[in-house]
Amino acid sequence: MIHQFDTVIIGSGLAGLRAAIEAAKYGSVAVLTKLFPTRSHSTSAQGGIGAALGNEEPDSPEWHLYDTVKGSDYLGDQDAIEIMCEDAIRTIVELEHLGVPFSRTTEGKIAQRRFGGHTRNFGEAPVRRACYSADRTGHAVLSALYEQCKPLGINFFSEFHVLDIVIENNKCHGVIALQIENGEIHVFNAKSTLVASGGYGKVFKTTSNAFASTGDCLSILFNAGLPLEDMEFFQFHPTGLYGLGILITEGVRGEGGVLINVQSERFMERYAPAIKDLAPRDMASRAIMTEIKEGRGIDGKDYVHLDLTRIPNQVLSERFPEITTFCKIYMGIDPSEKPIPVLPTAHYAMGGIPTDADGRVLNDEKAGVIKGLYAAGECACVSVHGANRLGCNSLLDTVVFGRRAGIAMAGENKNAERGNIHRDAIDNAASLIDLTIKRKGDQRIGDVRSELQTDMMDLCSVFRNEQGLKELVSKISIIEDKAEHITLKDKSKIFNTELLDAIEFGHLINLSKVIASSALQREESRGAHFRDDFPQRDDADWLKHTFAFKKERVVEFKHKPVKITKFQPEERKY
Ligand SMILES: Cc1cc2nc3c(=O)[nH]c(=O)nc-3n(C[C@H](O)[C@H](O)[C@H](O)COP(=O)(O)OP(=O)(O)OC[C@H]3O[C@@H](n4cnc5c(N)ncnc54)[C@H](O)[C@@H]3O)c2cc1C
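Next comes the structure, spelled out in structure tokens:
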């Protein structure tokens, strides 16, 4: 079936919906999602969205800018970060007017709480900057945006799995997707296409991410010859529930929760004397892993405790109902009575599809763009998070840059011709499905996928080194060959989730290779990328973005300078 739209958006998370609302003011919009729209991972965001409103204590966008630059370990592009921090206040007011039920102060203002790395007066002490809706902030914002989309006549294609994004002669013509319900192929011709397909935490064994976070569209664009930026930087959140990876928001440490080791020591005081448990995530994750490595895990095991018993019961139940329930259901622990076992969990992709500040996708490291192709949200790299994202800056990134991409697409559409996807591309997508279903061999997806996720976790997580990364690259190559021999039990085309798993697994392998190779080439430590064999940050050689390109079965690299405006790199102390 062939559809014609002015704008096609892949993804119904915050980035996709915010862009859709803008683009729909000027033309027809289709939103494609492989899930039901409000089940996108954005719905699980707990802790908050950052903006220097100063509702609870003095704050300023400039302090927010400074914290984000420093948090990024100076790899974030400061012009883009400035846009985000300056636009944050307007954004929160706009979200409130769109219907987001933010939690309130006693005076009725939007309440704000502390989050890691957010400080007053250029690093002096933690500041209350995260606006929140209890611990269901993502759900509140996503539901409000979805309600706004309906009256605007935005067309939702739920449970449509994108198989290809078609680019010819440096112009994007639209998208080819599989309707999951019946296995039909649909073609969406468009003047402009936005990729807002979220993260790819499923490359790792332990992750806070949803099952759908498999990075399909990044992998599709990489295969089409486009670059991926800064893929070595993957954030591990310090507090995942032990053994499960389910997230416990940093917001609890903002309200007085602390990390403790086997000696009941509040160990973050040693690692970040000024802001302690509110150190940025890369530092807190490394601190936890170091405590465990040095034998101070709880009962000799590989976890530490997150103690929330110090938070008054009323605060815990009013502001953190969701995570209190998680602890009770999944761990059998009431966090108001006992500390919770936690371990870092793969959480957020700083790297992604390179874009300019209006979401235009770059086709090289020199700012060339693809006509009609945009990206926003976690899949994109603007880059506002650099080597390490601060908590509550991602929700902000999705809505600020989602909106900007929506406006830019509407502008480009005025003078653009609609693309026309050729028969060859449609036949290729159809044959990918047929070949995957018919493939014969002795491998099962579940086994090979766990092998990949375990290898990524063991060799490419919080600590990395040359030997481990080289081993990982060759292991991924073996897994790539094994994947050629995966057989599906389900041969039908009706709601075949095994088929979708197989397609997604191909993308996970592809992205793992890019992450591991990018980590191997960067011979320094910066933000979330820590190399035991190069433990220092090296600004002389590495204050630059990585651009990874596909070259047959290997990855090739180019680099791009970091945009520095106000803040020169300094030693990162907290
Ligand atoms: C547990 C958790 C808690 C978090 N808490 C916070 C927080 O408190 N504050 C904060 O700032 N950030 C937080 N984050 C990060 C933040 O929530 C995400 O980075 C952000 O919501 C991503 O939004 P998005 O719009 O880019 O994508 P998502 O919300 O992930 O949506 C991706 C969309 O793409 C679609 N899609 C993907 N592939 C395909 C395909 N092949 N075909 C069709 N559709 C496809 C999916 O169906 C989905 O609709 C949290 C993340 C997690 C995992």
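Quick note: to get the working numbering, add 58 to the position in the sequence shown (first position is 1). We put the beta carbon where it would ideally sit given N, CA and C, even for glycine. None of the values given here were measured: they were computed from a predicted structure.
What residue range does the alpha helix (DSSP H) around V373 cover? According to the DSSP assignment, V373 belongs to the alpha helix (DSSP H) that extends over N371 to R377.
From G256, E120, G303 and N247, residue whose alpha carbon lies closest to that of M389: Residue G303 is the option with its Cα nearest to M389.
Evaluate N473 with the Cβ neighbour count: other Cβ atoms within 10 Å of its Cβ, from every protein chain shown; 16 or more gives buried, anything less gives exposed. N473 is exposed by the Cβ-count criterion.
Quick one: Cα of L93 to Cα of Q594, how far? Distance between L93 and Q594, taken at the CA atoms: about 42 Å.
Inter-residue spacing [alpha-carbon to alpha-carbon] between L123 and I503: Those two C-alpha atoms are separated by around 44 Å.
What's the gap between the Cα of H18 and the Cα of W600? Here the chain has residues from 59 to 632 only, and residue 18 is not among them.
Minimum C-alpha distance to D422 - residue among G430, D416, I411 and D590: The option with the nearest alpha carbon to D422 is I411.
Check D335 in the structure and name its three-state DSSP category. Looking at D335 - three-state DSSP - the assignment turns out to be helix.
Under 7 Å, do L203 and Y300 count as touching if we go by C-beta distance? Contact flag unset, no.
Short check: CB of I60 to CB of L90, under 7 Å? With respect to L90, I60 sits apart: the two C-beta atoms are not nearer than 7 Å.
Measure the alpha-carbon distance for K386 versus E352 and round it to whole angstroms. About 30 Å.
According to the Cβ coordinates, are I147 and A198 closer than 7 Å? Cβ atoms of I147 and A198: not closer than 7 Å.
Between which two residues does the beta strand (DSSP E) containing Y432 stretch? Start and end: V427 to A433.
Pop quiz: L374 and S343 are said to be a contact at Cβ under 8 Å. What is the actual Cβ separation, rounded to whole angstroms? Wrong, their Cβ atoms sit about 24 Å apart, outside the cutoff.
Note down the Cα distance separating S86 from F63, rounded to an integer number of angstroms. Rounded to the nearest angstrom, the two C-alpha atoms are 6 Å apart.
For the alpha helix (DSSP H) containing T555, name the first residue and the last one. Per DSSP, T555 is one residue of the alpha helix (DSSP H) stretching across T555 to Q579.
At a threshold of 6 Å, does K549 count as lining ligand 1 (C-beta to nearest heavy atom)? No.
Is it buried or exposed, L448, if we count other Cβ atoms within 10 angstroms and call 16 or more buried? A residue is called buried once 16 or more other Cβ atoms fall within 10 Å of its Cβ, and L448 is buried on that count.
Tell me the DSSP secondary structure of P209 in three-state form. Reduced to three states, the DSSP call for P209 is helix.
Kindly indicate the opening and closing residues of the beta strand (DSSP E) around H122. Looking at the DSSP string, H122 is not in any beta strand (DSSP E); the run it does join, the alpha helix (DSSP H), is P119 to G129.
With a threshold of 16 other CB atoms inside 10 Å of the CB of P397, please say whether the residue is buried or exposed. It counts as buried.
Have a look at I567 and I212 and give me their C-alpha separation to the nearest angstrom. When rounded, the distance between both Cα atoms is 34 Å.
Does DSSP put G464 in a helix, a strand or coil? G464 falls in the helix class under three-state DSSP.
From the DSSP output, which residues share a beta bridge with E287? According to DSSP, E287 bridges with G410 and F605.
Same chain only: Cβ atoms within 6 Å of E290, ignoring 5 sequence neighbours per side: A distance below 6 Å between beta-carbons, with the five flanking residues on each side excluded, links E290 to the following residues of its chain, in chain order: S576, A577, R580 and H587.
Nearest-angstrom Cβ-Cβ length linking K621 and F607, presumed shorter than 8 Å: In this structure K621 is not in contact with F607, their Cβ atoms being roughly 21 Å apart against a cut-off of 8 Å.
Going by the beta-carbon positions, is the gap between L569 and G256 smaller than 7 Å? In this structure, L569 lies away from G256, with their beta-carbon atoms at least 7 Å apart.
T623, DSSP secondary structure in three states: Three-state DSSP puts T623 in coil, outside helix and strand.
Where does T545 fall in DSSP's three states? In this structure, T545 counts as coil in the three-state DSSP scheme.
Looking only at C-alpha atoms, which of I491, N486, I534 and K498 sits nearest to S508? The candidate whose alpha carbon is nearest that of S508 is I534.
Among R328, F384, F218 and F605, the one whose alpha carbon lies nearest that of V419: The option with the nearest alpha carbon to V419 is F605.
May I ask whether a heavy atom of ligand 1 can be found less than 6 Å away from the beta carbon of N319? With a cut-off of 6 Å, the C-beta of N319 is classified as distant from ligand 1, since no heavy atom of the ligand falls inside that distance.
Residue range of the alpha helix (DSSP H) that G312 falls in? Element bounds for G312: G309 to G312.
Cutoff 6 Å; reference A282; Cβ partners in own chain excluding five residues on either side: Same-chain partners within the cutoff: I225.
T456 beta carbon near ligand 1 (any heavy atom closer than 6 Å): Checking the Cβ of T456 against ligand 1 gives yes.
Since Q104 contacts L364 with CB under 8 Å, what's their CB separation in whole angstroms? No, Q104 and L364 are not in contact; Cβ-Cβ is about 14 Å, not under 8 Å.
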